[in-house]
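Numbering (my numbering), first residue to last: 7 to 303. Virtual Cβ for every residue (Gly too), placed ideally from N, Cα, C. Just so it is clear, the structure is predicted and the values come from calculations on it, not from any experiment. Note sheet for the following structure.
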């Protein structure tokens, strides 16, 4: 479970950076750039460890990692970046990370028979309640409804992709050909890159305004480079490692505290200050995480 904590911190910075990049380039363009930047260091890392990701394409369960990449690194991240471009980082990160663990628990139960115990359910509700209190919408703050729809759909697809990865690991182990978590990450990135390239090509003429932002590449590239190193590369690799031994809903429950860290980053940058309710929500979410972790064996 400690790997899930590491992912949360890494993705907090990554989310903040991707929101800035998406506001300059738009969802599809930003996703294409960040995935392309992330593949090279991950592949080099795998080769230095003596891994050969392309050989795992023939392993049992590899197809589920490829599909997980299309859904998670492609559809999910494009939707999230569209939400970031419209709403900034705070509200989309809240919606995504409240939607994802609930959806993951439901899909994991129906598909993989991963049951949610009473203690886990209580901890999950506690975490999500705390996150909602921290990042509740302010009364005077107008919210873009389409942006909210993008964020909710992103959370649902994120959960679906996570369960697919769990299934891929399970099938590979049962077949006697376990897939290394770094190989799994690279397979997902490649599938996500191909999907995003296709989406970019299809929207090159029709829907170009949906694909592109203002096109300020100089402003976007530094943010997307930071996101690429932390989000789809280092963060996703550790996330896949966490899924080796933990259920999808348990990992998502820990990562659900990510919006709290995003809020703290925004506070440090001077954009907003948490109130008493926000501080109380932070304490509540931390207590929920501690309860969840203490119940894991």
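For the pair residue 188 and residue 61, the Cα-to-Cα distance works out to about 13 Å. Going by DSSP, residue 174 is part of the alpha helix (DSSP H) stretching over 151-180.
Of all alpha-carbon atoms in 25, 16, 67 and 17, the one lying nearest the alpha-carbon of residue 182 is that of 67.
In this model, residue 75 and residue 286 are separated by some 36 Å (Cα to Cα). The beta-carbon distance between residue 80 and residue 198, rounded to whole angstroms, is 5 Å. This is short enough to meet the 8 Å contact definition.
Spatial neighbours of residue 106 in its own chain (CB-CB distance under 8 Å, excluding positions within 5 residues in sequence) are listed in chain order as 161, 162, 164, 165, 168, 258, 261 and 262. In the displayed model, residue 126 falls within a helix according to three-state DSSP.
Shortest Cα-Cα distance from residue 13 to any of 245, 123 and 205 involves 245.
Excluding sequence positions up to five before and after residue 59, its CB lies within less than 6 Å of the CB of 52, 189 and 192, all in the same chain and listed in chain order. Rounded to whole angstroms, residue 253 and residue 129 show a C-alpha spacing of 14 Å. Residue environment analysis places residue 116 among the exposed positions, since fewer than 16 neighbouring C-beta atoms fall within 10 angstroms of its C-beta.
Per the coordinates, the alpha-carbon of residue 119 lies some 32 Å from the alpha-carbon of residue 48.
Residue 252 sits in coil when the DSSP states are folded into three classes, being neither helix nor strand. Taking the CA atoms as reference points, residue 123 sits about 43 Å from residue 228. Remark: C-beta atoms of residue 37 and residue 73 do not approach each other more closely than 7 Å. Under the DSSP assignment, residue 90 falls in the alpha helix (DSSP H) whose first and last residues are 83-93. For residue 65, the secondary structure class from DSSP, reduced to helix, strand or coil, is coil.
With a 10 Å radius around the Cβ and a threshold of 16 neighbouring Cβ atoms, residue 70 comes out buried.
Cβ neighbours of residue 41 within its own chain (closer than 7 Å, five residues either side excluded): 79, 195, 198, 199, 202 and 238. When the five nearest sequence neighbours on each side are left out, the beta carbons in the same chain lying within less than 7 Å of the beta carbon of residue 91 are those of 28, 29, 32, 33 and 219, in order along the chain. Excluding five sequence positions before and after residue 264, the CB atoms of its chain that fall closer than 8 Å to its own CB belong to 14, 17, 18, 21, 99 and 103, given in chain order.
In the displayed model, residue 194 falls within a helix according to three-state DSSP.
Per DSSP, residue 32 lies in no alpha helix (DSSP H) segment and is marked neither H nor E. Short of 8 Å from the beta carbon of residue 235, and not among the five residues preceding or following it, lie these beta carbons of its own chain, in chain order: 43, 44 and 47. Non-local C-beta neighbours of residue 242 in its own chain, meaning closer than 6 Å and more than five positions away in sequence, comprise 191, ordered along the chain. Shown here, residue 209 sits in coil according to DSSP, grouped into three states, outside any helix or strand.
Per DSSP, the continuous alpha helix (DSSP H) segment holding residue 224 begins and ends at 223-234. Between residue 223 and residue 96, the alpha-carbon positions lie close to 23 Å from each other.
Rounded to whole angstroms, the gap between the alpha carbons of residue 63 and residue 56 is 16 Å. In this structure, residue 139 lies near residue 283, with their beta-carbon atoms less than 7 Å apart. Secondary structure note for residue 96: its alpha helix (DSSP H) is the uninterrupted segment 96-118.
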